[in-house]
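Numbering (my numbering), first residue to last: 6 to 207.
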Amino acid sequence: MKLKICGMKYNDNISLISKLNPDYMGFIFYDKSKRFFDNEPIPRVNKNIKKVGVFVDPEIEYLNFIIKKYSLDLVQLHGNEKPDFISQIRDVKIIKAFSIDKNFNFNSTENYMKCDYFLFDTKGKLPGGNGISFDWKILTSYKFNKPYFLSGGIGLHNIEQLKDFFSSTISKYCFAVDINSHFEIEYAKKDYELIKNFKNEL
């Protein structure tokens with residue numbers, strides 16, 4: 006199971022958390038977020054850690070600028086981006102995020118199959134980072150084979166439910182876990198020991 010740590014911001018914290026060797030680190034390029042990344046450059050980390058830029062309805066010019074500036078490996082689209090916008094993105098892998106509630110229709114993901122991954126997050130007031138989980142049982146309705154990131158309110162407090170999820174057939178296409186707010190000392194500053202314990206438990 007892959008691990009993505011999202012909402013990274015501070016250089017010393019990035020360097021520290023990189024020692025845990027997560028598979029992905031997420032940097033939020035959305036200026037309304039309290040975790041907005043406006044540092045430069047991103048500190049050098051293990052090349053095996055993929056850099057993910059998180060965007061919400063960006064202009065294509067801004068997206069391309071940030072991809073090149075920070076040498077991103079992936080982009081995560083967390084807004085209402087349309088398939089024709091996504092078709093303009095080049096040279097990086099694409100994660101399309103969907104906000105999940107009990108009424109979500111997974112057929113709505115079908116137009117985004119050109120993306121490399123999906124990300125399923127809890128529908129909330131903010132595009133992401135709301136710190137609450139959705140009922141993972143709804144994923145029994147997911148009939149496609151596109152690999153996805155599981156996100157939304159994941160922490161040590163629900164590690165047993167997470168283990169149960171991964172021992173069930175529901176998780177068949179779950180590619181990675183995305184963690185953020187439940188592992189913070191303050192906004193965007195991640196707790197090394199909490200993440201270490203989470204990795205060991207998982």
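Beta carbons are placed, not taken as given, at the ideal position from N, Cα and C, and that holds for glycine.
Beta-carbon proximity check, residue i vs residue j, cutoff 8 angstroms
i, j, result
"TYR197", "LEU21", "yes"
"SER23", "ILE47", "no"
"LEU25", "LYS177", "no"
"SER172", "ASP126", "no"
"PHE42", "LYS7", "no"
"LEU199", "LEU161", "yes"
"LYS142", "ILE175", "yes"
"GLY84", "ASP106", "no"
Beta-bridge partners of residue i, as assigned by DSSP
i, result
"MET13", "For MET13, which the question treats as bridged, DSSP gives no partner whatsoever."
"THR127", "ILE105"
"ILE33", "PHE41 and VAL59"
"ILE99", "VAL80"
Same chain, Cβ closer than 8 angstroms to residue i, five either side skipped, listed in chain order
i, result
"ILE91", "LEU82, ILE99, LYS101, TYR117, LYS119 and CYS120"
"ASN51", "SER23 and ASN26"
"ILE137", "THR127, GLY129, GLY157 and GLY158"
"VAL57", "LYS9, CYS11, TYR29, MET30, GLY31, PHE32, LEU77, ASP78, LEU79, VAL80, GLN81 and ILE100"
"PHE188", "ILE10, GLY160, LYS195, ASP196, LEU199, ILE200 and PHE203"
Assigned exposure category for residue i - 16 Cβ within 10 Å defines buried
i, result
"LYS140", "Per the sequence presented here, residue 140 reads as Asp, with Lys not at that position. Exposed: under 16 other Cβ atoms inside 10 Å."
"ILE65", "exposed"
"PRO88", "exposed"
"CYS70", "One point to set straight first is that residue 70 is Phe, not Cys, in the sequence displayed. Counting Cβ neighbours within 10 Å, PHE70 comes out exposed, since fewer than 16 surround it."
is_contact[residue i, chain D] using C-beta, thresh 8 angstroms
i, result
"LEU124", "The structure shown contains no chain D, having only a single protein chain."
Cβ neighbours of residue i in the same chain (closer than 7 angstroms, five flanking residues each side left out)
i, result
"PHE180", "LYS7, TYR122, PRO152, TYR153 and PHE154"
Cβ neighbours of residue i in the same chain (closer than 6 angstroms, five flanking residues each side left out)
i, result
"TYR147", "PHE111"
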